[in-house]
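Take 22 as the starting number for the sequence shown in the numbering used here and just add one per residue. Every residue gets a Cβ at the ideal spot worked out from N, C-alpha and C, and that includes glycine. Treat the numbers as computed from the prediction; the structure is a model and nothing was measured. The structure under discussion appears below in the form of structure tokens.
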Amino acid sequence: MHGAGAEGLPVDLWLAIVIIILCVALAAFFSASETALTAASRARMHALEKTGDIRAARVNRLLKSRDRLIGATLLGSTVVNIGSSAFTTIVLVEFFGDRGALYATAIMTVLLLVFAEVMPKTVAINYPDRVSLLVSRAISFFVAIFGPILVGVEALVRGVLKLFGVDTSRRHSILSGHEELKSTVDLLHREGGVGRSDRDMFGGLLDLRDLEVSDLMVHRTKMLMLNADLPPHELIREVVEAPYSRLPIWRGEPDNIVGVLHAKDLLRALDAWSGEVAEFDVEKLALKPWFVPDTTPVQDQLQAFLKRKTHFAIVVDEYGVVMGLVTLEDILEEIVGDISDEHDLVVQGVRLQADGSVVVEGSVPIRDLNRVMAWNLPDEEATTIAGLVIHEARAIPESGQVFTFHGFRFEVLRKTKNRITSLRILPVGLQAFGNALQH
């Protein structure tokens with residue numbers, strides 16, 4: 022021995038104990054750093070970097086070379102774990118002889134598991150952003166120091182993986198950027214960080230890219246139109262009674278739309294004619310109708326509305342047959358939800374019942390029902406709830422028929438000709454609960 026300490030222990034044993042404590046502390050540091058940096062929010066770090074936070078800028082640089090970062094933390098952790106185990110073995114062998122190796126294995130397993138793995142990683146996973154900012158400078162130093170070694174390790178790893186047909190040069194994401202954003206917001210909503218209305222608004226904005234005008238339009242069966250052949254006083258009365266400011270005008274047959282009348286233009290004309298309607302010609306006041314294909318992407322239609330500075334378009338199919346109409350308000354409602362004013366008609370399309378079921382008109386869009394009830398019925402194959410039932414049933418059901426799919430029970434309440442006009446929908450879980458109560 023090379024001298025003794027205050028407690029009679031050799032100086033080199035004291036040094037070994039200090040090294041062991043230092044190695045365990047470094048192992049905890051590397052474990053916490055790896056966990057925190059891999060779990061850190063890149064969006065938050067980007068926002069902090071824009072405000073001038075130098076630590077966030079360092080974190081972002083580390084995350085850009087994630088492979089190098091993980092390699093540095095693993096290398097550091099491996100070195101200090103081996104070092105702590107080796108020195109612990111030396112110390113315990115000095116006291117207990119050959120049995121010291123067994124004691125060292127048991128003691129270091131507990132120490133490293135608790136103090137170098139579980140504890141630091143628990144702290145890091147609960148405060149990833151805060152810990153990432155705290156360790157960014159030190160980890161950047163270690164990444165720079167270990168750089169040459171890591172380059173060789175990365176080359177070796179890529180070579181071995183290539184032998185097994187794994188190409189690490191290309192990164193394939195299962196989800197698109199839009200899908201990742203939606204999933205993130207939905208997860209934050211479930212965790213309580215984002216309100217339902219905010220989630221729906223954000224989701225509606227991202228969904229615009231997947232929608233066509235036919236998904237949002239007001240169907241022709243619900244369009245309120247004016248017959249240009251009516252007497253002037255009847256036309257004026259219908260405009261006054263209508264809850265809308267713009268109305269399509271047809272002549273001869275409903276498919277022959279000749280213009281769009283704006284209530285404000287009618288008021289100006291009546292004011293100019295001092296209320297005289299004898300010479301009233303509705304077609305002269307009407308704007309030229311704007312026809313758009315039903316397959317037009319909603320994003321393109323939104324840009325077209327803004328560019329043309331008009332908020333009303335007639336939707337036609339590939340044969341030029343009128344399918345419905347779409348307005349700028351329809352697109353905005355897809356993002357922010359229903360926009361109602363004092364002149365809107367209140368349509369009772371969805372009525373919640375006392376037993377937990379919902380009575381729904383067949384023409385209610387699936388997307389609107391999902392938003393109101395926080396459901397997740399599929400809308401890829403059908404636009405309305407009646408269309409979904411017909412698609413799943415592979416036939417036009419009769420009144421009284423009951424179907425169960427997608428976790429819901431659908432009962433057809435009313436049918437008019439070939440149209441389902443009313444349904445009762447009940448989540449299967451509520452139905453099972455109700456049956457259990459009856460027994």
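Determine the contact status of residue i and residue j, defining contact as a CB-CB distance below 9 Å.
i	j	result
Met238	Met344	yes
Ala93	Leu155	no
Lys243	Ser384	yes
Val381	Ile411	no
Leu95	Phe51	yes
Ala290	Leu306	yes
Thr126	Ser157	no
Ile257	Leu287	yes
Measuring alpha carbon to alpha carbon, tell me which residue in the options is nearest residue i.
i	options	result
Thr475	Ala307, Val234 and His332	What is shown of the chain runs 22 to 460, which leaves residue 475 out entirely.
Ala249	Glu262, Pro269 and Lys243	Pro269
Trp35	Phe50, Ile111 and Arg79	Ile111
Ile278	Ala293, Gln422 and Leu346	Leu346
Gly421	Met66, His427, Arg415 and Val433	Val433
Phe429	Glu413, Ile417 and Asn439	Glu413
Asp321	Arg82, Phe223 and Leu232	Leu232
Glu175	Arg87, Val393, Asp219 and Ile42	Arg87
Ala159	Leu90, Gly186 and Ala37	Leu90
Val342	Asp302, Glu274, Met394 and Asn397	Glu274
Quick one: is residue i buried, meaning 16 or more other Cβ sit within 10 Å of its Cβ, or exposed?
i	result
Asp389	buried
Trp271	buried
Lys436	buried
Glu355	buried
Leu69	buried
Pro399	exposed
Ala334	buried
Ile441	buried
Ile41	buried
Arg211	exposed
Pro252	exposed
Pro386	buried
Phe185	exposed
Asp276	exposed
Val368	Its pLDDT being 42, under 50, Val368 is placed unreliably in this model, and the value from its coordinates should be taken loosely. By the neighbour-count rule (16 or more Cβ atoms within 10 Å), Val368 is not buried but exposed.
Ile352	buried
Val164	buried
Ala53	buried
Looking only at DSSP bridge pairs, what is residue i linked to?
i	result
Pro448	Phe429
Glu233	Pro318
Lys436	Ile441
Glu382	Ser443
Ile335	Phe312 and Leu346
Leu373	Val379
Ile278	Trp271
Original post:
If you pair each beta-carbon of the segment 37 to 47 with each one of the segment 94 to 113, do three or more pairs fall below 8 Å?
Top reply: yes
**OP:** Say whether the segment 430 to 449 touches the segment 369 to 379, bearing in mind that this needs 3 or more beta-carbon pairs closer than 8 Å, one atom from each stretch.
**Re:** yes
**OP:** Count the CB pairs spanning the segment 140 to 150 and the segment 56 to 64 that are closer than 8 Å, and state whether there are at least three.
**Re:** yes
Original post:
Looking at C-beta atoms only, is the number of pairs between the segment 328 to 341 and the segment 301 to 320 that lie closer than 8 Å three or more?
Top reply: The segment 328 to 341 makes contact with the segment 301 to 320, as at least three CB pairs between them are under 8 Å.
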